[in-house]
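Protein chains in written order, with the numbering used here: chain X, 2 to 409; chain P, 2 to 409.
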């Protein structure tokens with residue numbers, strides 16, 4: 002008998018039929034003797050409908066009141082799922098975030114969990130009840146309803162699993178696990194049975210949308226065994242996300258390939274090659290709330306250098322506006338930008354013990370005539386910026402070069 | 002400067018535009034220096050949508066979980082109204098029933114209010130904020146969400162007005178007040194400026210649907226000044242419902258005419274004329290949860306009598322089923338029933354001091370050839386049962402006979 006936290010996303014509970022299916026799946030686990038805490042999202046489309054209502058009233062709704070409105074989406078789902086379970090003969094009880102209670106800070110629409118009172122849940126579990134908790138929401142010390150931000154239901158699930166010391170936290174989605182890369186780009190992409198938290202974090206931050214990145218961080222920090230599964234398939238073990246690297250079998254060098262089309266590159270030419278220049282350029286950019294990703298400074302000749310960095314495409318115009326002012330101050334020669342770029346990354350803890358991974362990546366791309374414009378590396382990841390038109394080709398040849406299409 | 006509780010029904014907040022209109026009305030009152038507590042219902046159609054979702058899962062949803070689901074309707078409205086007010090420059094803060102908190106018993110889907118904690122509301126009011134409270138809902142001692150049953154938002158408004166000792170409780174609806182009778186039946190029907198609680202209760206129990214009867218009882222008990230107004234008209238004083246009879250002007254004899262088509266009459270013939278017979282007949286009917294309205298027993302000849310009573314039409318077949326068994330026990334001759342009847346009632350505190358009102362009513366009906374089948378009276382009401390085909394005629398001639406179409 003295990004204590005399992007399960008989280009079902011909006012698509013999995015998108016209509017009464019699907020809620021009934023989820024109830025059937027829970028009933029099966031319950032019948033096997035497991036203790037179950039189930040976290041649910043709003044029915045798909047519901048959160049957007051509620052936000053649209055608010056935006057009809059004002060383009061900038063008060064965050065406290067927006068949380069009051071938006072949090073009803075999950076509240077509807079918990080009640081419906083509880084009644085579906087009871088109708089199936091399974092004792093169940095629903096809790097809003099406030100009822101649990103899931104205490105958060107007061108940063109409305111993006112609150113952080115401070116603590117979870119597990120007394121009521123433990124009492125219900127010991128009575129054999131399935132406990133159903135609204136994801137994505139909590140309550141601050143003043144009793145105000147808060148929400149954790151988009152995808153926050155994953156975080157609720159992981160936080161509950163940590164608080165309850167659950168044996169496993171299962172995240173049910175509309176995909177059956179984490180893939181070596183997007184199967185729409187590489188049909189040979191393969192589901193991974195296991196991936197480490199570090200790899201998952203890199204994959205998530207690079208644009209793989211299976212799990213919300215905060216929930217992965219949280220699970221890693223509290224050593225919660227996390228599993229991604231499909232709610233539409235009866236069988237299948239999904240992908241287990243673990244703290245430990247797999248020591249039993251040959252570690253693959255690369256676990257996955259992530260990519261991101263949303264890249265724009267800016268180069269400031271003829272920057273004086275002197276200390277403090279990076280801060281003079283990036284300080285004003287950060288002040289304008291623009292996230293900078295890769296940064297490259299080429300020491301040049303004649304005491305000047307070229308300074309390049311990438312931002313999200315939506316931020317490009319704003320960034321250029323900031324730099325137009327900076328340019329005069331630092332006496333740079335000019336500004337160039339390019340928004341037809343993308344980023345391709347290979348991720349894997351195996352590269353720690355395998356030298357030559359970067360060289361293999363660069364050679365593979367070079368053989369296809371793909372020019373690398375920027376490079377950035379971490380301990381378990383190598384990212385390159387290339388022209389967007391090469392994205393599919395680059396992912397495909399790398400997938401093959403690192404043997405990702407073969408069974409591990 | 003007054004402390005006013007305003008309640009807006011589902012039609013008044015049925016879409017973002019209407020919510021914005023309500024916000025404008027509230028802003029006007031706030032600008033005049035009044036302290037405002039605003040109770041809102043779910044947007045029209047929302048409660049039915051939520052109930053339908055539940056019924057798709059099970060025909061008999063668990064009442065606790067149904068309350069979790071249904072209470073989200075009002076929660077959405079309070080958040081939207083608060084942000085609309087803030088967008089209009091009016092400080093506002095929303096409260097769910099649980100946040101207030103409005104303590105109820107644990108009779109889910111039909112809970113009764115036990116008490117209201119007014120501390121937070123008073124604090125917000127003193128800071129100049131408009132306080133917005135979700136109608137229809139509360140919380141039991143265990144922190145479970147409860148609802149007060151259909152129309153419960155009126156009760157929330159009156160209960161808040163009583164707890165806060167508000168100067169007035171204004172109920173905004175889609176009609177501009179209480180009328181002498183239904184204007185669809187009598188075009189000359191006139192809006193009443195004032196009506197007493199007793200009269201309003203009689204009108205409500207007889208089928209006038211302007212206010213929920215529990216809220217009127219509650220207002221009468223706690224001496225809350227209640228006013229019914231239209232949320233779609235800028236001007237207009239609506240109808241004031243008061244404890245005091247109007248002593249300043251000539252009291253009209255009759256304030257209004259109510260009617261109800263939903264009547265069925267049952268007669269048990271040849272009942273032994275002996276003590277305890279009424280209980281022998283009506284005891285089993287009450288045990289079957291059937292509400293009996295009017296009751297008449299005609300002492301007959303030869304030691305037998307005819308015993309008649311009325312029930313709602315939907316209960317007729319069930320009632321006859323019960324009486325078929327009773328008939329044998331008490332040795333009655335037979336059972337007759339008629340479901341083509343209606344009830345017409347004249348209501349007015351003035352009839353206390355005016356003898357001859359009943360006689361005038363009966364003469365008026367007789368002059369039109371309308372046969373009276375049953376009569377029942379209270380201190381301020383006379384009801385007659387007549388054939389349903391005479392309903393409109395009866396209401397019209399009584400309206401005219403008692404001068405209701407003339408300005409008071």
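C-beta atoms are modelled at their ideal positions from N, C-alpha and C, and glycine is treated no differently.
Backbone CA spacing between residue i and residue j [nearest angstrom]
| i | j | result |
| --- | --- | --- |
| residue 223/X | residue 24/P | 46 angstroms |
| residue 61/P | residue 262/P | 30 angstroms |
| residue 115/X | residue 172/X | 22 angstroms |
| residue 337/X | residue 40/X | 48 angstroms |
| residue 197/P | residue 148/P | 28 angstroms |
| residue 174/P | residue 9/P | 7 angstroms |
| residue 286/X | residue 385/X | 23 angstroms |
| residue 17/X | residue 341/X | 43 angstroms |
| residue 75/X | residue 139/P | 19 angstroms |
| residue 54/X | residue 137/P | 22 angstroms |
| residue 379/P | residue 47/P | 39 angstroms |
| residue 123/X | residue 32/P | 50 angstroms |
| residue 27/P | residue 42/P | 16 angstroms |
| residue 106/P | residue 68/P | 13 angstroms |
| residue 49/P | residue 231/X | 32 angstroms |
| residue 407/X | residue 192/X | 11 angstroms |
| residue 159/P | residue 6/P | 8 angstroms |
| residue 64/P | residue 78/X | 15 angstroms |
| residue 221/X | residue 243/X | 8 angstroms |
| residue 11/X | residue 177/X | 15 angstroms |
| residue 146/P | residue 66/P | 9 angstroms |
| residue 398/X | residue 189/X | 11 angstroms |
| residue 14/P | residue 217/X | 41 angstroms |
Exposure label - residue i; buried when at least 16 CB within 10 Å
| i | result |
| --- | --- |
| residue 390/X | exposed |
| residue 325/P | exposed |
| residue 2/X | exposed |
| residue 225/P | buried |
| residue 96/X | buried |
| residue 396/X | buried |
| residue 418/P | The structure shown does not extend to residue 418/P, since chain P is modelled only from 2 to 409, so the question has no answer here. |
| residue 100/X | buried |
| residue 355/P | exposed |
| residue 253/P | buried |
| residue 299/X | exposed |
| residue 94/X | buried |
| residue 1/P | Only positions 2 to 409 of chain P appear in this structure, which leaves residue 1/P out of reach. |
Bounding residues of the alpha helix (DSSP H) (the contiguous stretch that carries residue i)
| i | result |
| --- | --- |
| residue 285/X | 278 to 288 |
| residue 84/X | 73 to 88 |
| residue 159/X | 153 to 165 |
| residue 401/P | 392 to 402 |
| residue 28/P | 17 to 32 |
| residue 325/P | 317 to 331 |
| residue 218/X | 214 to 222 |
| residue 377/P | Here residue 377/P belongs to no alpha helix (DSSP H); instead the beta strand (DSSP E) covers 375 to 379. |
| residue 12/P | No alpha helix (DSSP H) holds residue 12/P; DSSP gives it neither H nor E. |
| residue 128/X | Element bounds for residue 128/X: n/a, residue is neither H nor E. |
| residue 52/X | 47 to 58 |
Residue i - partner residues in DSSP beta bridges
| i | result |
| --- | --- |
| residue 260/P | 345/P |
| residue 299/P | 307/P |
| residue 358/X | Residue 358/X is not bridged to any residue. |
| residue 107/X | Paired residues: none, contrary to the question. |
Cutoff 8 angstroms: residue i Cβ touching any chain B Cβ
| i | result |
| --- | --- |
| residue 20/P | Any reference to chain B falls outside this structure, whose protein chains are X and P. |
Residue i beta carbon near the ligand NAP (any heavy atom closer than 7 angstroms)
| i | result |
| --- | --- |
| residue 373/X | For the ligand NAP, the structure offers nothing, since it holds no ligand at all. |
The beta strand (DSSP E) enclosing residue i, as first and last residue numbers
| i | result |
| --- | --- |
| residue 94/X | 93 to 96 |
| residue 388/X | 382 to 388 |
| residue 231/X | 227 to 231 |
| residue 37/P | 36 to 41 |
Any residues in the segment 132 to 157 of chain P with a beta carbon nearer than 7 angstroms to a beta carbon of chain X? Which ones, in chain order? Taking 7 angstroms as the Cβ-Cβ cut-off against chain X, the residues of the segment 132 to 157 of chain P that qualify are 144.
Short of 7 angstroms Cβ to Cβ, which residues in the segment 77 to 94 of chain P face chain X? 77, 79, 80, 81, 83, 84, 85, 87 and 88
Under 9 angstroms, CB to CB, which of the residues in the segment 163 to 182 of chain X have a partner in chain P? none
Looking at chain P, which residues of the segment 106 to 125 of chain X have a Cβ within less than 7 angstroms of any of its Cβ atoms? none
The segment 199 to 228 of chain P: which residues have C-beta closer than 9 angstroms to a C-beta of chain X, in chain order? none
Where the segment 256 to 283 of chain X meets chain P: residues whose CB sits under 7 angstroms from a CB there: Within the segment 256 to 283 of chain X, no residue has a Cβ lying closer than 7 angstroms to any Cβ of chain P.
Listed from N- to C-terminal order along the chain, which residues in the segment 355 to 372 of chain P have their beta-carbon within a distance smaller than 9 angstroms of any beta-carbon of chain X? none
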